[in-house]
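The structure appears right after this line, and notes come after that.
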Amino acid sequence: MASGPTHRSPARRRAVVRAAVALLLCSAAVPACASTSEHGRDRETPRAGRASHPSAAAEKAARAKLLPGMPAPLDPHDLYAADRPGRLAEAVKRFPSRVYVPNTLSDTVSVIDPKTFKVIRTIPVGHQPQHVVPSWDLKTLWVNNDLGNTLTPIDPATGRAGRTVDVHDPYNLYFTPDGKHAVVMASKDRQLVFRDAHTMRVVKALPVSCYGVNHADFSPDGRYFIVSCEFSGELLKVDTARMKVVGQQRLPVAGAMPQDVKISPDGRKWYVADMVANGVWVLNGDTFSRPRLLPTGKGTHGLYVSRDSRRMYISNRGEGTISVLAFDSGKLVDRWRLPGGGSPDMGGLSADGKVLWLSGRYNAEVYAIDTRTGKLRARIPVGGGPHGLAVYPQPGRYSLGHTGIFR
Numbered sequence: 000m001a002s003g004p005t006h007r008s009p010a011r012r013r014a015v016v017r018a019a020v021a022l023l024l025c026s027a028a029v030p031a032c033a034s035t036s037e038h039g040r041d042r043e044t045p046r047a048g049r050a051s052h053p054s055a056a057a058e059k060a061a062r063a064k065l066l067p068g069m070p071a072p073l074d075p076h077d078l079y080a081a082d083r084p085g086r087l088a089e090a091v092k093r094f095p096s097r098v099y100v101p102n103t104l105s106d107t108v109s110v111i112d113p114k115t116f117k118v119i120r121t122i123p124v125g126h127q128p129q130h131v132v133p134s135w136d137l138k139t140l141w142v143n144n145d146l147g148n149t150l151t152p153i154d155p156a157t158g159r160a161g162r163t164v165d166v167h168d169p170y171n172l173y174f175t176p177d178g179k180h181a182v183v184m185a186s187k188d189r190q191l192v193f194r195d196a197h198t199m200r201v202v203k204a205l206p207v208s209c210y211g212v213n214h215a216d217f218s219p220d221g222r223y224f225i226v227s228c229e230f231s232g233e234l235l236k237v238d239t240a241r242m243k244v245v246g247q248q249r250l251p252v253a254g255a256m257p258q259d260v261k262i263s264p265d266g267r268k269w270y271v272a273d274m275v276a277n278g279v280w281v282l283n284g285d286t287f288s289r290p291r292l293l294p295t296g297k298g299t300h301g302l303y304v305s306r307d308s309r310r311m312y313i314s315n316r317g318e319g320t321i322s323v324l325a326f327d328s329g330k331l332v333d334r335w336r337l338p339g340g341g342s343p344d345m346g347g348l349s350a351d352g353k354v355l356w357l358s359g360r361y362n363a364e365v366y367a368i369d370t371r372t373g374k375l376r377a378r379i380p381v382g383g384g385p386h387g388l389a390v391y392p393q394p395g396r397y398s399l400g401h402t403g404i405f406r
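Numbered by numbering that gives the first Met the number 0, the letters in the sequence shown go through residues 0 to 406 in order.
Listed below in structure tokens is the structure:
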């Protein structure tokens, strides 16, 4: 005689899978799971007699959830747990700390020593360099020469540029979480081009119906990523493994111009900067439902997560300010204003998280901002039209691209 129902409800099955994923990811990095959470509370430790390791069935379920081949997050509650201050991967520990600034109007990369706040080298590159992008394996910096239709590799150990690689329309560059493919944001070609992450050989060119693909970020399991389309005010949802657009929506503001994309530490929310809407769209990536707008400032552009995963720095290019968002409340908690104004654009954090580096797109300068006080520490002259600068090295196990999305 049966003692109870033989089938769990769909909700119960989803809860079991989520628990299995959490157990497996914690087992991959016990120190990270044993530490305090991003809100400062100690996570529960196993009681006596409780199993401390997932069952074989739980491990199998969790592996099925992740994109095959991708490293599991160090902490299932914090996608940026690998980005803590000073947690440099072995591959980058001996690289000198530098800030690499692509100057779109000068066809150069300015190299800044962050200790002296001075330009120590200027590297000639191709036509209209847009972003400096760390490779998935952290060993190369790729300069995206958009109108030059090339990538220039820079060796971060020596600061020397290598032989250019022919890549058409490389406005921006990302890497799939499994490290297999580079994804070129071919904005003018209206394509997402999947290439071999090492040789840059084309694997698949995916046409899109929106205009101006430019920025992206990946889901916690790596199964999909969300792309902003700058010139048509749209978002795409792309299946990573199938290399296929599975969702598309237009943002609900006339003339919307989405820019940077960033997922929250807990993986539940996505933030999309919008220069025309003057704020960030807050989106549920799984359901890909209609987002809500959080006003932040004029010309909202770049998004950067603090080293403790508690805050996000938001550059407002049109008004020379940086807004600070607290992830736990979802509210703005501060706003820093650049003295004398400026045009804060793209950038990244220092390895210790104490300095936010941003390019001044329309002012031929770079800003170094103290993240503890919001005060400007330095204003450094560079070439014309500085854009997607990269601070390097940074903590993290691998790079998802752009100016440095590390996990």
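All C-beta atoms, glycine included, are put in the ideal place defined by N, C-alpha and C.
Using a Cβ-Cβ distance cut-off of 8 Å, the region 261-275 and the region 291-303 are in contact, since at least three pairs of beta carbons, one from each stretch, lie closer than that value. Val-124 sits away from Asp-112, with the two beta carbons spaced by 8 Å or more.
In this structure, the beta-carbon distance from Asp-344 to Arg-376 does not fall below 8 Å. The beta carbon of Val-275 sits closer than 6 Å to the beta carbons of Gly-254, Ala-255, Met-256 from its chain, once the five residues preceding and following it are set aside; these are given in chain order.
Boundaries of the beta strand (DSSP E) around Val-182: 180-185. Three or more beta-carbon pairs separated by less than 8 Å are not found between the region 194-203 and the region 226-236, which leaves the two stretches without contact. Secondary structure in the region 350-406: no alpha helix (DSSP H) run of 4 residues or longer lies completely within the stretch. Contact annotation, Arg-306 with Phe-326: C-beta distance approximately 13 Å; criterion of less than 8 Å not satisfied. The residues Val-98, Tyr-99, Val-100, Pro-101, Val-131, Met-345, Gly-346, Gly-347, Trp-356, Leu-357, Ser-358, Val-365, Thr-402, in chain order, have a CB closer than 8 Å to that of Leu-388 in the same chain once the five nearest residues on each side in sequence are set aside. Pairing Arg-396 with Ala-81, the inter-Cα distance amounts to about 7 Å. Straight through space, the alpha carbons of Pro-133 and Ala-350 are spaced by roughly 14 Å. Between Gly-296 and Asn-277 a beta carbon distance of about 6 Å is seen, short of the 8 Å cut, so the two are scored as contacting. Spatial neighbours of Asp-177 in its own chain (CB-CB distance under 6 Å, excluding positions within 5 residues in sequence) are listed in chain order as Leu-66, Gly-68, Met-69.
A Cβ-Cβ contact shorter than 8 Å links Val-226 with Ala-215. Lys-138 sits in coil when the DSSP states are folded into three classes, being neither helix nor strand. Restricting attention to Val-252, Phe-230, His-167, Pro-72, the CA atom closest to the CA of Gly-211 is found in Phe-230. When Thr-163, Val-164, Asp-165, Val-183 are compared, the shortest CA-CA separation from Leu-172 is found for Val-183.
Across the structure, Ala-185 and Gly-400 are spaced so that their CA atoms are roughly 15 Å apart.
The secondary-structure analysis by DSSP pairs Asn-144 across a beta bridge with Pro-128, Thr-149. By the neighbour-count criterion, in which a residue is buried when 16 or more other Cβ atoms sit within 10 angstroms of its Cβ, Pro-380 is exposed.
Using a Cβ distance threshold of 8 Å, Pro-392 and Val-192 do not count as a contacting pair. Your pair Tyr-170 and Asn-143 checks out as a contact, with CB atoms roughly 6 Å apart and the cut at 8 Å. Straight-line measurement puts the Cα of Ser-308 at about 9 Å from the Cα of Leu-78.
By the criterion of a C-beta distance shorter than 8 Å, Val-279 is surrounded in its chain by Tyr-270, Val-271, Ala-272, Asp-273, Leu-292, Leu-293, Thr-295, Thr-299, Leu-302, Ile-313, Leu-324, once the five residues flanking it on both sides are discounted. Burial check for Ala-63: the Cβ neighbour count within 10 Å stays below 16, so the residue is exposed. Residue nearest to Pro-84 within the set Val-354, Gly-339, Asp-188 is Val-354 (criterion: CA-CA distance). In this structure, Pro-219 is the residue among Pro-219, Lys-330, Leu-337, Arg-371 with its C-alpha nearest to the C-alpha of Phe-405. Taken through DSSP and simplified to helix, strand or coil, Val-260 comes out as strand. Spanning the alpha carbons of Arg-159 and Ile-153 requires a straight line of approximately 6 Å. Taking 8 Å as the cut-off, the Cβ atoms of Asp-168 and Asp-195 do not count as close.
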